[in-house]
Amino acid sequence: NAGVTQTPKFRILKIGQSMTLQCTQDMNHNYMYWYRQDPGMGLKLIYYSVGAGITDKGEVPNGYNVSRSTTEDFPLRLELAAPSQTSVYFCASSGDRVSNQPQHFGDGTRLSIL
Amino acid sequence: QKEVEQDPGPLSVPEGAIVSLNCTYSNSAFQYFMWYRQYSRKGPELLMYTYSSGNKEDGRFTAQVDKSSKYISLFIRDSQPSDSATYLCALDVNNAGNMLTFGGGTRLMVKP
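From first to last, the protein sequence lines are chains R and L.
Position one of the first sequence corresponds to residue 4 (the numbering used here), numbered consecutively onward.
Position one of the second sequence corresponds to residue 190 (the numbering used here), numbered consecutively onward.
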């Protein structure tokens with residue numbers, strides 16, 4: 004079982020470049036999430052989606068965009084990379100309410116902006 | 190004030206010790222409480238969740254919620270080197286099941 008797959012695992016970007024972080028899940032989950040994790044700061048929710056065609060902002064959405072055209076895929080787009088976006092990015096999915104359904108996480112994308 | 194506070198550690202214990210990990214939170218409206226475990230260079234995985242106050246046990250792990258003190262705990266009995274990881278507490282922000290707020294995590298090291 005693949006679960007949640009994130010690509011790429013590592014990436015170095017220059018300031019001002021753009022890129023898309025890919026996330027796909029094979030569990031037919033409706034809910035999907037993007038987080039960023041900075042050292043010692045826990046996980047901060049960037050965007051989430053409760054189903055195909057529906058997305059909403061989390062705690063730290065500025066500088067990012069998402070789309071959800073299918074149940075399986077939830078890409079995260081950085082349009083103008085800034086050093087403050089250097090972080091580890093995690094995608095997650097869950098079948099229903101996150102409080103009684105576990106969120107399944109990918110292994111992250113480590114992104115450095117130089 | 191952060192919504193969820195957690196001592197970053199690291200916490201170093203000998204194998205077989207009882208471990209206590211704790212979080213405090215500020216919003217008394219939180220109802221759902223979770224503990225996630227994160228190994229190095231991996232995504233978090235759910236260990237336990239509890240609803241409202243009380244205790245919940247699962248094998249060597251016990252989660253405890255004290256809503257009057259806004260304090261949640263995770264106890265690990267007979268700790269093993271394989272328990273070495275970062276432990277994150279998480280709370281359901283609006284009790285709607287679609288948004289969690291996480292503590293910063295406590296790094297635990299269990300030495301053989």
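Where a beta carbon is used, it is the ideal one built from N, C-alpha and C, also for glycine.
All values reported here derive from a predicted model rather than from experimental measurement.
Beta bridge counterpart(s) of residue 81 (chain R) as assigned by DSSP: Residue numbering aside, residue 81 (chain R) sits at position 78 when the first sequence is read from its first letter. Paired residues: R:22 and R:67.
Of the listed residues L:237, L:191, L:192 and L:211, nearest to residue 199 (chain L) (C-alpha basis): Working through the second sequence from its first residue, we reach residue 199 (chain L) at position 10. Of L:237, L:191, L:192 and L:211, the residue nearest in Cα terms is L:211.
Inter-stretch contact (C-beta, 8 Å, three-pair minimum) for the region 13-28 of chain R and the region 270-290 of chain L: no
Span separating the alpha-carbon of residue 8 (chain R) from that of residue 56 (chain R): Sequence index remark: in the first sequence, residue 8 (chain R) carries index 5 (1-based). Sequence index remark: in the first sequence, residue 56 (chain R) carries index 53 (1-based). Residue 8 (chain R) and residue 56 (chain R): Cα-Cα distance of roughly 20 Å.
Beta-carbon gap between residue 232 (chain L) and residue 108 (chain R) smaller than 8 Å: Residue numbering aside, residue 232 (chain L) sits at position 43 when the second sequence is read from its first letter. Residue numbering aside, residue 108 (chain R) sits at position 105 when the first sequence is read from its first letter. Yes. Within cutoff.
C-beta atoms of residue 71 (chain R) and residue 52 (chain R) nearer than 8 Å: The residue you call residue 71 (chain R) lines up with position 68 of the first sequence. The residue you call residue 52 (chain R) lines up with position 49 of the first sequence. Contact: yes.
Within 8 Å, strictly: CB atoms of residue 38 (chain R) and residue 47 (chain R): Position 35 of the first sequence, counted from the start, is the residue given in the question as residue 38 (chain R). Position 44 of the first sequence, counted from the start, is the residue given in the question as residue 47 (chain R). Yes. Within cutoff.
Proximal residues of chain B, C-beta to C-beta of residue 231 (chain L) below 7 Å: Considering every chain present, this structure includes no chain B. Its protein chains are R and L.
Neighbour list for residue 105 (chain R) in chain L, Cβ cutoff strictly below 7 Å: One-based indexing of the first sequence puts residue 105 (chain R) at position 102. Near residue 105 (chain R) (Cβ distances below 7 Å), the residues of chain L are 235.
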